[in-house]
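Trainee:
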Amino acid sequence: MLDVKGLREDAEGIAEKLKTRGFDLDVASFKRLEAERKRLQVEAEQLQNERNVQSKQIGILKAEGKDVSAVMAKVSTLGDTLAQLTQNLNTILSELNNFYACIPNLPHESVPIGQSEEENVEITRVGTPRTFHFEVKDHVALGEALGQMSFEKAAKLTGARFVVLQGDLARLQRALGQFMLDIHTKEHGYRESYVPYLVNDASLLGTGQLPKFKEDLFNTTAGYSLIPTAEVSLTNLMRDDIVAEKDLPLQWTALTPCFRSEAGAYGKDTRGMIRQHQFEKVELVWISHPEESYACLEKLRSHAETILQRLELPYRIVSLCTGDLGFCAAKTYDLEVWLPAQNTYREISSCSNTEAFQARRMQARFRNSKGKPELVHTLNGSGLAIGRTLVAIMENYQDEAGRIHIPKALQPYMNGLEVIA
RNA sequence: GGAGAGAUGGCCGAGUGGUCGAAGGCGCUCCCCUGCUAAGGGAGUAUGGGGUUUGUAGCCUCAUCGAGGGUUCGAAUCCCUCUCUCUCCA
């Protein structure tokens, strides 16, 4: 959520900035709602004040044993007017709240202006894609030939966009999770966390999945939703909390499955493990001091990069342009790994600073040097998406015989195994 | 699944219809005294919103005692629903 006061002061200016990310702020209806809100709220509060004062008076008179019928008669008429007013006010307030909840974050000034993915800016490339002297196979062909990956079996169990891994590939997926968690907890200072995979609506509202992106979630009959990312569980740990300034920044990581309905992705990446309804991910979350958050974003990004470097996977870093930013993000770096079979770089991590956008929704704060609560900044990034890392390893480390060589750094996690065959 | 108890400010804990946003204690901050790894005295110490304002200052004001409804001139206190915690039974 944006700062409401800022919006009231300069709706036009904010609308202009939002336009760069393709969002049309309805300034006219906002101003209309806001004027109405102000009128009703002032009036309602005046009446409440009147009622409070008179009621207190009744208490005092009664204590003195005096007659109160005159005052009571006077106050009792207030009730109806007040009820009508507050009802109108509540209608306006919930309209306004919904309005606020649907406005995306403002892009940071360093974010390149652009309309779509096409205009994202490549920052750097790391590593050189290997040249193959044979025709490369994609991970589906490789995995099925090994008899360790089956989309057919998964379709039987559930449906499309699921996978079954068995044998060494299943182990590889598990190894990747351990490998990533070990690096982040031992070398990067993250606190390992185990969190619920089902969350309530308040949490989803906090991190911005609701109210706008309900259709991307899997809901349950219990009223909870499956997390689309551990960002939801981890970041909401801070909801309605106030921490000491000296405790910032907080760094949390968790390995969880993620569940996404991929509602808007019909026909996209239908083959293979790139876009699944269920996948594993190691998530990295920072709770930072507002003044530090952009420095933290650089660290967060470098932590995700470390994984790719240790696995010796070629990748590039992209700064998302305004038009491609996620709803909550003020700035986002995507890490894209090289996939030889697709002959392109594909997203494997997305690192974002949401500034105070989520914190404001969640009332996540720290006590500043003046002793006043102040909103923290929240950041999140994948470190990394495990399914896609598995794909990247399979495709980049394949040999002519269709075997998968295990990256050096990962071999200890595979019980010394060097090749999957 | 059944029966019961509970949810109050950073923490503990009073408060069962009226000047209660809430006693007291602990903790914390500041000041005084003391001059020494201690003690004593005093003051302060919730959060969110709105109005006013050049102002994140001040002033005025509304809301909040698990959440949401209700009764009442007036609710932490009474009623209903829900959530969570604990105890006992199965």
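Numbers 8 to 428, taken from the numbering used here, label the letters of the first sequence in order.
Positions of the beta carbon are idealized from the N, C-alpha and C atoms, including for glycine.
1. Quick one: what does DSSP say Arg278 is sitting in, helix, strand or coil?
2. Does DSSP put Phe220 in a helix, in a strand, or in coil?
3. Report the start-end ranges of each beta strand (DSSP E) in the stretch 129-188 that is 3 residues or longer and not cut off at the edges.
4. Could you check whether Thr192 and Thr260 sit closer than 8 Å to each other, using their CB atoms as the reference points?
5. Would you mind reading off the limits of the beta strand (DSSP E) that contains Phe266?
6. Report the residue ranges of all alpha helix (DSSP H) runs contained in full by the stretch 300-379; include only those spanning at least 4 residues, in chain order.
7. State the start and end residues of the unbroken alpha helix (DSSP H) segment that holds Gly59.
8. If you follow the beta strand (DSSP E) that Ile234 is part of, which residue opens it and which one closes it?
9. According to DSSP, Gly388 sits in a beta bridge with which residue or residues?
10. What residue does the alpha helix (DSSP H) around Ala108 start on, and which one ends it?
11. Measuring CB to CB, does Leu327 end up less than 8 Å from Asn112?
12. Would you identify the three-state DSSP class for His191, choosing helix, strand or coil?
13. Check the DSSP bridge columns for Ala251 and list the partner residues they point to.
14. By how many angstroms is the C-alpha of Asp145 removed from the C-alpha of Ala428?
15. For Glu23, list the residues DSSP reports as bridge partners.
16. Tell me the rounded alpha-carbon separation between His115 and Ala337.
17. Beta carbon of Lys81: closer than 7 Å to some heavy atom of the ligand SAH?
18. Tell me, which residues are paired with His412 by DSSP?
19. Below 8 Å between beta carbons: does that hold for Leu40 and Leu92?
20. Look at the alpha carbon of Asp341 and the alpha carbon of Thr227, and state the distance between them as a whole number of angstroms.
Mentor: The structure says:
1. coil
2. coil
3. none
4. yes
5. Leu257 to Phe266
6. 300-317 and 364-369
7. Inspection of the sequence shows that residue 59 is occupied by Asn rather than by Gly. That run of the alpha helix (DSSP H) goes Val34 to Ala70.
8. It is not in any beta strand (DSSP E) - Ile234 carries neither H nor E in the DSSP assignment.
9. Leu291 and Cys358
10. Leu85 to Ala108
11. no
12. helix
13. Under the DSSP definition of a beta bridge, Ala251 partners with Arg374.
14. Their backbone Cα atoms lie some 16 Å apart in a straight line.
15. DSSP output for Glu23 lists no bridge partner at all.
16. Straight-line measurement puts the Cα of Ala337 at about 5 Å from the Cα of His115.
17. Inclusion of the ligand SAH in the displayed structure is not the case, the ligand content being empty and no account of it being possible.
18. Val426
19. no
20. 31 Å
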